[in-house]
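Undergrad:
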Amino acid sequence: MSALSSKCVLSIDVGSSGPKLSVVDENGDILATRSGHFENIYLEQGKGVEQDPNEMWDQILRLSKEVIDESGMAKNIVAIGNCSQYFSSIPVDEEGNPTYNMIMWEDSRASKHISKLMGGFPEYLGYNLFKLARWLISVGVPPIVQGIGATSHMVWLKEVKPEIWKKTYKVMEPSDYISLKLTGKYQTNENVGFTYTMIKKAGWSQGTYNEKLIKALDLEVDKYPDLLPVCDNLGKPKQEVIDYLGLSDDVTVFGGMQDTTACMLGGAAFDDYDAVIEIGTTLNTGVVVPDRVIDIINGFYSVSSPVKGKFIMVGEPGAGAKSLNYLLNNLLRVDDSLSKINESDEHHAAIADKMAAESPIGCNGVFFLPWIFGSTFPEPDTNMRGGFINLSPENSRNDMIRSIFESYAVNFKWVLQAKEKGLKGKIKKVNFTGGGAMWETAPQIVADALQLPVHLMDEPRQANTKGIAAVCFNNLGIVSFEEMKKKLKVKKVFEPNPANFAHYDKQLKIFKMLFKKMRPLYTELNS
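Our numbering puts the first residue of the sequence shown at 10, with every later residue one more than the last.
Dropping the structure here:
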C-alpha cells in the first residue's frame with residue numbers, strides 16, 4: 010500500500026504537562042507529531058492546582074492543524090481518538106463552555122469536604138466502615154478522601170463555589186471534554202468514567218450510575234455525563250472542526266480513554282496477562298486480565314479495556330520522570346555533563362542515562378525516595394515526601410541519578426509483586442514504554458529488579474498515540490487488535506542478569522522499611 014493511499018488516525022494525547030498530537034498510519038507508524046505545554050495555576054499555597062481548559066482546547070486545535078498539514082494526509086484521516094490524564098475535572102455549561110478552570114488531579118482542596126462526608130466512626134483508611142462497604146459492594150472503589158477525582162471536585166464546587174455549581178451542566182474528565190469539543194456530545198464510558206467512583210460493577214461496558222450513592226453525597230446524577238460503551242463511535246466531528254482541519258466529511262470520532270490504557274495498547278498489550286510498564290511523568294504498570302479486579306488495600310483497580318471483554322489492572326507507584334526532572338532542574342549545578350546540556354545536541358535524559366551507567370549497581374549506597382509529590386502506592390498520602398538517603402562525601406551525581414533509576418525499578422517490583430499474588434506467575438515479560446524508556450540503562454535495571462525480560466518498544470514516547478490509533482482502526486474494521494499487535498515493533502530485549510537479583514530483593518525490603526519508618530516523620534512535618 011502506498012503512503013498516499015494509507016488510512017490514518019489523528020491521535021490526541023492530553024497529558025498533565027501538555028498535549029501530544031500525532032498522525033498515525035495503519036502500520037502504527039508516526040507520520041508527524043507535535044507537542045505543547047500547559048501551565049499550572051497554583052492556589053492556596055499549592056493545595057489548589059488548576060489549568061485553563063480554553064487554552065487546552067486552543068492548543069489542541071492549533072497543533073492538530075499543524076500536524077495534519079505536516080503529514081500531508083488530511084484527506085486520509087479516517088478517525089480521531091484521544092486519551093488523557095485522569096482524576097481531573099472540567100465543569101461545563103449547556104453550550105459546552107467551561108464554567109471554571111480544570112481542577113487537576115494534584116488538587117487537594119476537596120479533601121476535607123469529601124473526608125467529612127465519607128468518614129466517621131468506625132473508621133478504616135479514612136472511611137466510615139459502613140459507607141466504605143456500600144461503595145465496595147456496588148462500585149468497587151470509594152471516592153478518594155485525598156480529594157482527587159470528579160466526585161470530590163463536585164462536592165467542593167457545590168460547597169465552596171455555589172455560583173459556579175449553579176451554572177454547571179456537567180462535570181467532565183479531560184478526555185471527555187475533548188470529545189465534547191469535537192462532537193458536542195456529553196458522554197463518558199467505564200474506562201474514563203471509572204474515576205467518578207459511581208459506576209456499578211457489571212460485565213464489560215455494562216455499568217450504570219448508582220444514583221443512591223450519588224444522592225448520599227448530596228449530588229445530582231444529571232451533573233454526570235451519559236454512559237456509553239468504551240471508545241464508542243461518537244459520529245462525525247462538528248463541521249467547524251472538519252473545515253478548520255481540512256478533513257473529509259466521513260471522519261469518525263471515537264470516545265476517549267485514560268492515558269494509561271492508551272499506553273497499554275500502544276505497548277502491544279491486548280491479550281490476557283500482557284504487561285506494560287511506563288516511565289512517564291508518573292510511573293505506571295498495567296496487566297490485561299479477563300475479569301474485573303479491585304484491591305483498595307494495595308492500591309490496584311481495573312478498568313474496562315477498549316478490547317471487548319478485557320480489563321486492565323492498573324497500579325501507579327508514583328512520580329516517574331518528575332523525580333529525574335526535579336533532580337536535574339533543582340539540585341544539580343556543577344561543571345560536568347549536565348551543566349553542558351545546552352551545548353549538546355543530546356537530549357538531557359540521554360546524558361542522564363549515560364551518567365547513571367557510570368555508577369555501579371547499588372549507587373554506592375545512595376537511596377532515592379520518590380515521594381517528593383506525595384505517595385500513591387502503597388497508600389495515597391499527600392504528606393509523604395522524598396529525597397536522597399545515605400549520601401556520603403564519596404558520592405557523585407552519577408550515583409544520585411542512578412538511584413532515581415533504581416527507585417523506579419524497585420517501585421515497579423513492589424507493585425508487580427503485589428499483583429502477582431493474584432496472577433500467580435502468569436506475567437512472563439513486560440513491555441517498556443514512556444519517555445524514560447528511550448535509553449538503555451533504565452530498562453536493564455528494571456529487567457534485573459523484576460527478574461523478567463523487558464521488551465523496549467520502538468518509539469516508546471508515542472505509545473499513547475499508537476494505542477489510540479489501534480482502537481480507531483480496530484473499531485472501523487481496518488486493522489484488528491491482533492494484526493496491530495504484530496505491527497507494533499520491539500526495539501530491543503533486555504534479559505535479566507541473575508547476578509543482580511539478590512541486590513534488588515534486598516533493596517525492596519529496605520525500600521518498604523523506609524516508607525514505613527519515614528511516614529510518621531513526614532506526617533509530623535507536613536500535616
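Just so it is clear, CB atoms sit at the ideal spot from N, CA and C, and this is done for glycine as well.
Just how far apart, CA to CA, sit residue 342 and residue 404?
TA: Here residue 342 refers to the residue found at position 333 when the sequence shown is read from its first residue. Here residue 404 refers to the residue found at position 395 when the sequence shown is read from its first residue. Because residue 342 carries a pLDDT of 46, less than 50, the predicted location of this residue cannot be relied on, and the following value inherits that uncertainty. Looking at the two C-alpha atoms, the distance is approximately 15 Å.
Undergrad: How long is the line joining the alpha carbons of residue 85 and residue 257, rounded to whole angstroms?
TA: In the sequence shown, residue 85 corresponds to position 76, counting from 1. In the sequence shown, residue 257 corresponds to position 248, counting from 1. Roughly 8 Å separates the two Cα atoms.
Undergrad: Which one or two residues does DSSP pair with residue 322 in a beta bridge?
TA: Residue numbering aside, residue 322 sits at position 313 when the sequence shown is read from its first letter. Answer by DSSP bridge pairing, in chain order: 296 and 311.
Undergrad: Using 8 Å as the cut-off, can you tell me whether the segment 461–475 makes contact with the segment 271–289, which would need three or more C-beta pairs spanning the two stretches below that distance?
TA: yes
Undergrad: Would you list the one or two residues that DSSP bridges to residue 396?
TA: For this step, residue 396 is matched to residue 387 along the sequence shown. Residue 396 pairs with 378.
Undergrad: Pop quiz: residue 376 and residue 412 are said to be a contact at Cβ under 8 Å. What is the actual Cβ separation, rounded to whole angstroms?
TA: Taking the first residue of the sequence shown as position 1, residue 376 is located at position 367. Taking the first residue of the sequence shown as position 1, residue 412 is located at position 403. Residue 376 to residue 412, Cβ: 6 Å. Contact.
Undergrad: Pick out whichever of 95, 110 and 96 has its Cα sitting closest to the Cα of residue 102.
TA: The count along the sequence shown starts at 1 and reaches residue 102 at position 93. Comparing Cα-Cα distances from residue 102 to each of 95, 110 and 96, the minimum goes to 110.
Undergrad: List the endpoints of the continuous alpha helix (DSSP H) containing residue 23.
TA: One-based indexing of the sequence shown puts residue 23 at position 14. Run containing residue 23: none in the alpha helix (DSSP H); it sits in the beta strand (DSSP E), 17–23.
Undergrad: Which residues bound the alpha helix (DSSP H) around residue 197?
TA: The sequence position of residue 197 within the sequence shown is 188, counting from 1. Premise fails: residue 197 lies in the beta strand (DSSP E), 196–198, not in any alpha helix (DSSP H).
Undergrad: Name the residue from 253, 98 and 125 whose alpha carbon lies nearest to the alpha carbon of residue 616.
TA: The question about residue 616 has no answer here: the residues shown for the chain are numbered 10 through 536.
Undergrad: With DSSP run on the structure shown, which of helix, strand or coil describes residue 27?
TA: Residue 27 sits at position 18 when you count from the first residue of the sequence shown. In this structure, residue 27 counts as coil in the three-state DSSP scheme.
Undergrad: Would DSSP call residue 91 helix, strand or coil?
TA: Counting from 1 along the sequence shown, the entry for residue 91 is found at position 82. Of the three classes helix, strand and coil, the one that applies to residue 91 here is strand, per DSSP.
Undergrad: To the nearest angstrom, how far is it from the Cα of residue 27 to the Cα of residue 534?
TA: Along the sequence shown, read from residue 1 onward, the residue named residue 27 stands at position 18. Along the sequence shown, read from residue 1 onward, the residue named residue 534 stands at position 525. Straight through space, the alpha carbons of residue 534 and residue 27 are spaced by roughly 32 Å.
Undergrad: With the cut-off set at 8 Å, would you say residue 149 and residue 303 are in Cβ contact?
TA: Taking the sequence shown and counting its residues from 1, one reaches residue 149 at position 140. Taking the sequence shown and counting its residues from 1, one reaches residue 303 at position 294. Yes, these two residues count as a Cβ contact at 8 Å.
Undergrad: Per DSSP, which one or two residues make a beta bridge with residue 107?
TA: Residue mapping note: residue 107 aligns to position 98 of the sequence shown, counting from 1. Answer is 101.
Undergrad: Skipping 5 residues on each side, what residues in its chain have a beta carbon closer than 8 Å to that of residue 263?
TA: Here residue 263 is taken as the residue at index 254 of the sequence shown, counted from 1. Cβ neighbours of residue 263 beyond the five flanking positions: 88, 89, 90, 240, 241, 242, 243, 480, 481 and 484.
Undergrad: Apart from the five residues on each side of it in sequence, which residues of its chain come closer than 7 Å, Cβ to Cβ, to residue 15?
TA: Taking the sequence shown and counting its residues from 1, one reaches residue 15 at position 6. Hits under 7 Å: 34, 35 and 85.
Undergrad: May I have the straight-line CA-CA distance separating residue 504 from residue 220, to the nearest angstrom?
TA: Here residue 504 corresponds to residue number 495 of the sequence shown, with the count starting at 1. Here residue 220 corresponds to residue number 211 of the sequence shown, with the count starting at 1. Cα to Cα, the separation comes out at about 50 Å.
Undergrad: How long is the line joining the alpha carbons of residue 246 and residue 260, rounded to whole angstroms?
TA: Taking the sequence shown and counting its residues from 1, the one referred to as residue 246 is at position 237. Taking the sequence shown and counting its residues from 1, the one referred to as residue 260 is at position 251. Those two C-alpha atoms are separated by around 7 Å.
Undergrad: Drop a sphere of 10 angstroms on the beta-carbon of residue 378, count the other beta-carbons inside from all chains shown, and report buried for 16 or more, exposed for fewer.
TA: Counting from one through the sequence shown, the residue named residue 378 turns up at place 369. Result: buried.
Undergrad: Would you report the Cα separation of residue 151 and residue 199, rounded to the nearest angstrom?
TA: To locate residue 151, count along the sequence shown from 1; it is residue 142. To locate residue 199, count along the sequence shown from 1; it is residue 190. Rounded to the nearest whole angstrom, the CA to CA distance from residue 151 to residue 199 is 15 Å.
Undergrad: From residue 407 to residue 178, what does the alpha carbon distance come to, in whole angstroms?
TA: Sequence index remark: in the sequence shown, residue 407 carries index 398 (1-based). Sequence index remark: in the sequence shown, residue 178 carries index 169 (1-based). When rounded, the distance between both Cα atoms is 52 Å.
Undergrad: Using a Cβ-Cβ cutoff of less than 7 Å, which residues in the same chain neighbour residue 204 once the five nearest sequence positions on both sides are dropped?
TA: Position 195 of the sequence shown, counted from the first residue, corresponds to residue 204. The answer, listed in chain order, is 95, 96, 158, 159 and 182.
Undergrad: Which residues in the same chain have their Cβ closer than 7 Å to the Cβ of residue 62, if we skip the five residues on either side of it in sequence?
TA: Against the sequence shown, residue 62 aligns to sequence position 53. Here the set comprises 99, 107, 110, 111 and 186.
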